[in-house]
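Trainee: In our numbering, the protein residues as written are 99 to 282. Cβ atoms here follow ideal geometry from the backbone N, Cα and C, with glycine treated the same way. It should be emphasised that the depicted structure is a prediction, and the values quoted were computed from it without experimental measurement.
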């Protein structure tokens, strides 16, 4: 073989090698594949981290899963809770499609904490959040339903104790009530 016949083969191999190694552009997924999202190196603490490390869902209470708001005297408490037995986002509310849908404990409209552990067994609810800036929240409570004069069906309610743990030390215990978000 002389150089004139080897040179085109060499360039072809070089092009193929550069295409397989150097091209980092995303490719289109096949029809039966689910595309994955690339997350940046600096992920905010509100980004979902996947399923909790420990979880158990075994409740026969109808409509226990979904969005709950903290009940407060003046209605200014922004905290909320989203429970999902599949650890997947819940469907958006028809009367408020911009409301949060990712499971977790929200300490404000902007800040969601993932569950590290969660158990929904019978009417017992327990969760512990992942640590964020030294804070961890732990909740133990019971679910039941209450009649509300504005709605024809009873509304799910979760009552219990929310413990705030700051840098590994329990700093506050609070009796708290979560009321299920009702679409009217």
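By DSSP, does residue 207 sit in helix, in strand, or in coil?
Mentor: Position 109 of the chain shown, counting from 1, holds the residue named residue 207. In this structure, residue 207 counts as coil in the three-state DSSP scheme.
Trainee: Would you report the Cα separation of residue 270 and residue 262, rounded to the nearest angstrom?
Mentor: Counting from one through the chain shown, the residue named residue 270 turns up at place 172. Counting from one through the chain shown, the residue named residue 262 turns up at place 164. Cα-Cα distance, rounded: 5 Å.
Trainee: Measure the alpha-carbon distance for residue 171 versus residue 152 and round it to whole angstroms.
Mentor: In the chain shown, residue 171 corresponds to position 73, counting from 1. In the chain shown, residue 152 corresponds to position 54, counting from 1. Near 34 Å, if we compare the C-alpha coordinates of residue 152 and residue 171.
Trainee: Just the Cα atoms here: how many angstroms apart are residue 247 and residue 161?
Mentor: Counting from 1 along the chain shown, the entry for residue 247 is found at position 149. Counting from 1 along the chain shown, the entry for residue 161 is found at position 63. Taking the straight line joining both Cα atoms gives about 19 Å.
Trainee: Which runs of the beta strand (DSSP E) spanning at least 3 residues fall entirely within the stretch 140–198, listed in chain order?
Mentor: Fully enclosed beta strand (DSSP E) runs of 3 or longer: 152–156, 164–168, 178–181.
Trainee: From residue 138 to residue 244, what does the alpha carbon distance come to, in whole angstroms?
Mentor: The count along the chain shown starts at 1 and reaches residue 138 at position 40. The count along the chain shown starts at 1 and reaches residue 244 at position 146. Below a pLDDT of 50, predicted positions are generally treated as unreliable, and residue 138, at 34, falls in that range; no measurement from the model is reported.
Trainee: Would you call the CB atoms of residue 183 and residue 224 closer than 9 Å?
Mentor: The residue you call residue 183 lines up with position 85 of the chain shown. The residue you call residue 224 lines up with position 126 of the chain shown. No, Cβ-Cβ distance for residue 183 and residue 224 is not below 9 Å.
Trainee: Which residue wins for smallest C-alpha separation from residue 203, given the options 167, 191, 231, 190?
Mentor: One-based indexing of the chain shown puts residue 203 at position 105. Among 167, 191, 231, 190, the Cα nearest to that of residue 203 belongs to 167.
Trainee: Could you tell me which residues DSSP puts in a beta bridge with residue 236?
Mentor: As a first step, residue 236 is located in the chain shown; it is residue number 138 there, counting from the start. Beta-bridge pairing links residue 236 to 226, 261.
Trainee: The ligand HEM heavy atoms versus the CB of residue 195: any closer than 8 Å?
Mentor: The ligand content of the structure shown is nil, which means the ligand HEM is not present either.
Trainee: Between 195, 214, 149, which has its C-alpha nearest residue 165's C-alpha?
Mentor: By 1-based counting over the chain shown, the position of residue 165 is 67. Selected option, being the one with the closest Cα: 195.
Trainee: Given residue 181, which residues of its chain have a CB within under 6 Å of its CB, disregarding the five upstream and five downstream residues?
Mentor: As a first step, residue 181 must be located in the chain shown, where it is residue number 83. Contacts found: 163.
Trainee: Could you have a look at residue 220 and say whether DSSP puts it in helix, strand or coil?
Mentor: Position 122 of the chain shown, counted from the start, is the residue given in the question as residue 220. Coil at residue 220, not helix or strand.
Trainee: For residue 292, write down the residues that DSSP places opposite it in a beta bridge.
Mentor: With the chain covering 99 to 282 only, the question about residue 292 has no answer from this structure.
Trainee: Just how far apart, CA to CA, sit residue 239 and residue 157?
Mentor: For the purposes of this step, residue 239 is identified with residue 141 of the chain shown, where counting begins at 1. For the purposes of this step, residue 157 is identified with residue 59 of the chain shown, where counting begins at 1. Straight-line Cα distance between these residues: approximately 14 Å.
Trainee: Just mark residue 232 as buried or exposed, buried being the case when its beta carbon has 16 or more other beta carbons within 10 Å.
Mentor: Locating residue 232 in the chain shown gives position 134, where the first residue counts as 1. When all chains shown are included, residue 232 counts as exposed.
Trainee: For residue 241, is the classification buried or exposed, using 16 other Cβ atoms within 10 angstroms of its Cβ as the cut-off for buried?
Mentor: For the purposes of this step, residue 241 is taken as the residue at position 143 of the chain shown. Residue 241 should be labelled buried.
Trainee: Pull up the distance between the alpha-carbon of residue 279 and that of residue 234, whole angstroms please.
Mentor: One-based indexing of the chain shown puts residue 279 at position 181. One-based indexing of the chain shown puts residue 234 at position 136. Answer to the nearest angstrom: the Cα atoms are 24 Å apart.
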